[in-house]
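Asks: Let me begin by handing over the structure; questions about it come next.
In this note's numbering, the protein residues as written are 232 to 374.
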């Protein structure tokens with residue numbers, strides 16, 4: 232069973248913002264002759280890397296709701312120019328919308344076990360609804 236990570240998507244106000252950022256990174260990678268992956272750098276290295284790399288995803292919290300996920304392709308620990316240990320989460324190019332799931336703010340990332348992940352939106356239903364309406368319905372507990 233895969234283990235996932237969850238993280239606040241700082242700087243993105245919507246899934247469209249996240250998709251735009253991912254597209255820009257993918258185009259830059261392709262232009263450099265690399266795979267079209269984006270990466271997110273974080274301070275802490277997950278100790279349960281093998282479980283995460285066994286099909287795990289990074290779930291993004293946007294405006295207080297889990298709204299999307301990206302598959303984690305690789306996890307690369309490294310040391311930055313200042314000698315501080317960091318971790319690069321290499322993410323697949325596809326941003327998959329999920330059913331909204333409320334989350335309070337937190338720092339860094341957290342592990343997310345399979346039983347707690349929100350369904351992909353295509354499987355959960357409601358994909359035809361505008362994002363703002365889905366958000367309001369989710370906040371009311373109707374989705």
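For each residue, glycine too, the CB sits at the ideal point set by N, CA and C.
Mind pulling the alpha helix (DSSP H) runs of 4 or more residues that sit fully within the segment 292-336?
Replies: Complete alpha helix (DSSP H) runs here, min 4: none at all.
Asks: Which two residues bound the contiguous beta strand (DSSP E) that contains residue 254?
Replies: It is not in any beta strand (DSSP E) - residue 254 instead sits in the alpha helix (DSSP H) that spans 246-262.
Asks: List the whole-angstrom C-beta distance separating residue 318 from residue 303, where the pair is believed to meet the contact cut-off of C-beta under 8 Å.
Replies: In fact, because the Cβ distance is near 11 Å, the residues do not count as touching under 8 Å.
Asks: Among 270, 320, 275, 346, which one has its Cα closest to the Cα of residue 338?
Replies: 275
Asks: When DSSP labels each residue in this structure, what does residue 347 get in the three-state scheme?
Replies: Residue 347: helix per DSSP, three-state reduction.
Asks: Using three-state DSSP, classify residue 284 as helix, strand or coil.
Replies: Note: residue 284 maps to coil in three-state DSSP.
Asks: If I measure Cβ to Cβ from residue 199 and keep anything under 8 Å in the same chain, skipping five residues before and after, which residues do I get?
Replies: With the chain running from 232 to 374 in the structure shown, residue 199 is simply not present.
Asks: Could you check whether the segment 251-261 touches the segment 281-297, counting it as contact only if at least three pairs of C-beta atoms, one from each stretch, sit closer than 8 Å?
Replies: no
Asks: Check whether the Cβ atoms of residue 243 and residue 322 sit closer than 8 Å, and answer yes or no.
Replies: Contact: no.
Asks: In this structure, does DSSP put residue 353 in helix, strand or coil?
Replies: helix
Asks: Name the DSSP bridge partner or partners of residue 270?
Replies: 321
Asks: Can you give me the start and stop residues for the beta strand (DSSP E) that residue 236 sits inside?
Replies: It spans 234-239 - the beta strand (DSSP E) in which residue 236 sits, taken as one unbroken run.
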